[in-house]
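Colleague: The opening position of the sequence shown corresponds to residue 1069 in the numbering used here, with each subsequent residue numbered one higher.
In this text, a Cβ means the ideal position worked out from N, Cα and C, and glycines have one as well.
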Amino acid sequence: MPEFLFIKESSINRLGCFTSKFISKDHCIAEYEGEIISAEEAIKREEDLNRSGIYTFWLNDDHAIDGYDKGNHTKYFNHSCDPSCHYEIAGNKILFYASRDIQNNEELTIDYDYDANSGLVVCLCGSANCRGYLNEVVENV
Ligand SMILES: [Zn+2]
1069 MPEFLFIKES
1079 SINRLGCFTS
1089 KFISKDHCIA
1099 EYEGEIISAE
1109 EAIKREEDLN
1119 RSGIYTFWLN
1129 DDHAIDGYDK
1139 GNHTKYFNHS
1149 CDPSCHYEIA
1159 GNKILFYASR
1169 DIQNNEELTI
1179 DYDYDANSGL
1189 VVCLCGSANC
1199 RGYLNEVVEN
1209 V
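1. Where in the segment 1103 to 1150 do unbroken runs of the alpha helix (DSSP H), each at least 4 residues long, occur, reported from the N-terminal end onward?
2. I'd like the list of long-range same chain contacts for R1119, defined as Cβ closer than 7 angstroms, with 5 residues on each side in sequence excluded.
3. Can the beta-carbon of S1167 be found closer than 9 angstroms to that of K1093?
4. Looking at A1110: is its Cβ nearer than 9 angstroms to the Cβ of L1163?
5. When a residue counts only if its C-beta is closer than 5 angstroms to some heavy atom of ligand 1, which residues count, in chain order?
6. Take Y1180 as the anchor and find which of I1170, D1169, S1152 has the nearest alpha-carbon.
7. Consult DSSP for N1203 and reduce its assignment to one of helix, strand or coil.
8. Which residue wins for smallest C-alpha separation from L1127, given the options E1174, E1115, S1106?
9. How is A1196 classed by DSSP in three states: helix, strand or coil?
10. Comparing alpha-carbon positions, which option in E1103, T1142, I1080 lies nearest M1069?
11. Based on the DSSP output, what are the partners of H1154 in its beta bridges?
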């Protein structure tokens, strides 16, 4: 994990991941680390109220990476409707890239793009184009 990533309180949600240096657009920032688990195990962990947070990142319908115990700073990437980063899934890897130039001390965010069927989660990202939810909401026209 790059040493320029650091964790501090975020205005979006509890803790966030920030950068201590400028990152240029399209730069590959880091990989999501953790334990590769089955869908069944991922759902069990997501519903476990004894855990202080959910850090499962789904690779596909069958597997997820759980960063709860073995994750790096990327597990603190918060959701934003106007994110600074995006991710790409390649096999069992999840890689984060800068979607634009990111300044020193900026928070790194991605679009969680939750399935609308999994229950709406209110968004507090504060961006001008905030859609109100972490889910990808399909609006009726
Ligand atoms: Zn938002």
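Modeller: Put simply:
1. Whole alpha helix (DSSP H) segments, 4+ residues: 1107 to 1114.
2. Excluding positions up to five away in sequence, the list reads R1113, Y1136.
3. Between S1167 and K1093, the CB-CB gap stays under 9 angstroms.
4. Their beta carbons are not under 9 angstroms apart, which means A1110 does not touch L1163 by this criterion.
5. Cβ-based neighbours of ligand 1 within the cut-off: C1149, C1191, C1193, C1198.
6. Checked all of I1170, D1169, S1152; the closest Cα to Y1180 is S1152.
7. DSSP places N1203 within a strand segment (E or B) once states are collapsed to three.
8. For the residues E1174, E1115, S1106, the minimum Cα distance to L1127 belongs to S1106.
9. DSSP places A1196 in coil when its eight states are reduced to three.
10. Closest by alpha carbon: T1142.
11. According to DSSP, H1154 bridges with Y1165.
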